[in-house]
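Input: a single structure, listed below in structure tokens.
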Amino acid sequence: MAKFTPRVFSGIQPSGGLTLGNYLGAMVKFVAMQEAGTHETVFCMVDLHAITVPQKPDVLRHNTRELCAGFLAAGIDPEKSILINQSQVPEHAQLAWVFNCVARMGWMGRMTQWKDKSGKNAEAASLGLFAYPALMAADILLYHATHVPVGDDQKQHLELTRDIAAKFNHDYGVEFFPMTEPVIEGPATRIMSLRDGTKKMSKSDPVDASRINLTDDADTIAKKFKKAKTDPDPLPGSATGLEDRPDARNLVNIYAALSDRSVDDVLAEKEGALFGYFKQDLADLAVAKLAPISSEMSRLMADPAEIDRILARGAERAREITVPILEQTYDIVGMVR
Ligand code: AQP
Numbered sequence: 032m033a034k035f036t037p038r039v040f041s042g043i044q045p046s047g048g049l050t051l052g053n054y055l056g057a058m059v060k061f062v063a064m065q066e067a068g069t070h071e072t073v074f075c076m077v078d079l080h081a082i083t084v085p086q087k088p089d090v091l092r093h094n095t096r097e098l099c100a101g102f103l104a105a106g107i108d109p110e111k112s113i114l115i116n117q118s119q120v121p122e123h124a125q126l127a128w129v130f131n132c133v134a135r136m137g138w139m140g141r142m143t144q145w146k147d148k149s150g151k152n153a154e155a156a157s158l159g160l161f162a163y164p165a166l167m168a169a170d171i172l173l174y175h176a177t178h179v180p181v182g183d184d185q186k187q188h189l190e191l192t193r194d195i196a197a198k199f200n201h202d203y204g205v206e207f208f209p210m211t212e213p214v215i216e217g218p219a220t221r222i223m224s225l226r227d228g229t230k231k232m233s234k235s236d237p238v239d240a241s242r243i244n245l246t247d248d249a250d251t252i253a254k255k256f257k258k259a260k261t262d263p264d265p266l267p268g269s270a271t272g273l274e275d276r277p278d279a280r281n282l283v284n285i286y287a288a289l290s291d292r293s294v295d296d297v298l299a300e301k302e303g304a305l306f307g308y309f310k311q312d313l314a315d316l317a318v319a320k321l322a323p324i325s326s327e328m329s330r331l332m333a334d335p336a337e338i339d340r341i342l343a344r345g346a347e348r349a350r351e352i353t354v355p356i357l358e359q360t361y362d363i364v365g366m367v368r
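All residue numbers for the sequence shown refer to the numbering used here, where the first residue is 32 and numbers rise by one.
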């Protein structure tokens, strides 16, 4: 296999406000990878993905800028990383078309996200929702990204990205696209709903109390944790004691991720505590961690023109990478240009 520059790509949809799941499952890892300095880092607001389900144009614009503010407030530095919104780098959509012609219908039909989001009425879902993983593969492979930090929910899409890269390389007899590695680790790989510990915390869940939004104030955060579903048993002394307790496990996972400790370490300290007390500690910790991010987001949102400038500059830098890779792809495929 050819040698590829170590490069990280990852994205978040501006399909609603940022949740604690996006923050712990994705953003914290993004910042760590940026700061490690071992890879070039590219982070993206995937607005083209967001429109696979209906979006109100003004709300989408607002959410894209707010997500950018979230990236910046969480510690993404637009000088160290390339920070973009997908639609300003047209090569994403162009490569996605090529991949639509590489990926097979059967592969797409097996995707869990497609099944979950199209629900019982797949006939009425958009073609874009079905083709979503091909666009995601294009996002990643357009940068020849070698690593993608994601939550556990995205693992299947990463496997599909590798399948698309392998089929393209095989069909055209090249070693052009890398076999990208997912980076899924730590206690926050899957933060669950506060109302159902078996369901992922999600920004598009209709029940607001199911999630912590990064823009929630201290009072709201405390109330949401207080009402979070749990069980009557006290906390066990180690992670094995949480095996059949998804709601309890979720709250301990969140505590561990927010305090950057292991679950066993947290439980060694909190063994025997009842949820009434633990939830208060958890709320205090979450407020202490999230309040500076949310106030920085509000400060940044007061100057949307500056956010737009950052995104325009990010797109310029991104295209230094994406234009040559798309041109080479077109040459391999046989497009006259
Ligand atoms: N609950 C979660 N736990 C851990 N990681 C999560 N991520 C999302 N939710 C959790 C990670 O955040 C990144 C961006 O995800 P996305 O916004 O592009 O799409 P998503 O995974 O579909 O997130 P949502 O919140 O559920 O959005 P909607 O409701 O619009 O579909 C990914 O790395 C993801 O793993």
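Think of the CB as a built atom: it goes at the ideal place given N, C-alpha and C, for glycine as much as any other residue.
Same chain, Cβ closer than 7 Å to residue i, five either side skipped, listed in chain order
| i | result |
| --- | --- |
| PRO121 | none |
| VAL238 | ARG226 |
| ASN200 | GLU206, PHE207 and PHE208 |
Residues sharing a beta bridge with residue i, DSSP
| i | result |
| --- | --- |
| HIS178 | VAL39 and GLU212 |
| GLU71 | ARG38 |
| MET76 | ILE43 and ASN116 |
| THR50 | ASN244 |
Short Cβ contact (8 Å threshold) for residue i with residue j
| i | j | result |
| --- | --- | --- |
| ALA104 | ILE324 | yes |
| ILE222 | ILE285 | yes |
| ALA240 | ARG226 | yes |
| LEU49 | ASN281 | no |
| THR192 | ALA168 | yes |
| VAL179 | SER46 | no |
| HIS70 | MET76 | no |
| VAL62 | ILE107 | yes |
| LEU114 | ILE356 | no |
| ARG242 | GLY101 | no |
| PRO265 | GLY303 | yes |
| ASP170 | GLN119 | no |
| TRP138 | LEU160 | no |
| SER157 | THR95 | no |
| ALA279 | LYS310 | no |
| LEU313 | PHE256 | yes |
| LEU79 | ALA124 | yes |
| ARG38 | VAL90 | no |
| LEU298 | LEU316 | no |
| PRO109 | ARG344 | yes |
| THR3 | LEU173 | The requested residue 3 is not part of the displayed model; the chain covers only 32 to 368. |
| MET328 | THR261 | no |
| TYR361 | ARG350 | no |
When the options are compared against residue i, the one with the closest alpha-carbon
| i | options | result |
| --- | --- | --- |
| ALA165 | ILE107, PHE130 and ALA336 | PHE130 |
| ALA196 | LEU158, ALA127, SER235 and LYS254 | ALA127 |
| LYS301 | LYS231, SER149, SER269 and GLU337 | SER269 |
| GLY272 | ALA288, VAL294, ASN94 and PHE256 | VAL294 |
| LYS186 | GLU154, ASN200 and PRO213 | PRO213 |
| ALA67 | GLN86, CYS99 and SER112 | SER112 |
| GLU369 | ILE43, ILE363 and ARG368 | Outside the displayed range of the chain (32 to 368) lies residue 369, so it cannot be described from this structure. |
| LEU98 | PRO85, CYS132 and TYR54 | TYR54 |
| ARG92 | PRO263, ILE338 and GLN359 | ILE338 |
| ASP202 | SER235, CYS132 and ASP236 | CYS132 |
| SER233 | SER326, LEU321 and LYS148 | LYS148 |
| PRO263 | TYR308, LYS320 and ASP296 | TYR308 |
Close beta carbons around residue i, own chain, < 8 Å, minus the five adjacent residues each side
| i | result |
| --- | --- |
| THR220 | GLY56, GLY182 and ASP183 |
| THR36 | GLU71, HIS175 and THR177 |
Beta-carbon contacts of residue i that lie in its chain and below 6 Å, excluding the five residues immediately before and after
| i | result |
| --- | --- |
| VAL318 | ALA249 and ILE252 |
| ALA162 | ASN131 |
| PRO277 | GLY228 and THR229 |
| GLN44 | VAL77, HIS80 and ALA81 |
| PHE306 | THR261 |
| ALA346 | ILE115, GLN119 and VAL120 |
| SER224 | LYS230, MET232 and SER241 |
Proximity test, residue i beta-carbon vs the ligand SAH heavy atom, cut-off 7 Å
| i | result |
| --- | --- |
| LYS146 | What this structure holds is the ligand AQP, not the ligand SAH. |
Any C-beta of chain E under 8 Å from that of residue i
| i | result |
| --- | --- |
| PRO88 | Included in the structure is just one protein chain, with no chain E present. |
task = With a floor of 4 residues, list each alpha helix (DSSP H) that falls wholly inside the segment 223 to 301, ordered by position along the chain.
result = 249 to 258, 277 to 289 and 294 to 301
task = Scan the segment 108 to 168 and note each continuous alpha helix (DSSP H) run of 4 residues or more that stays entirely inside, going in chain order.
result = 122 to 131, 136 to 140 and 143 to 149
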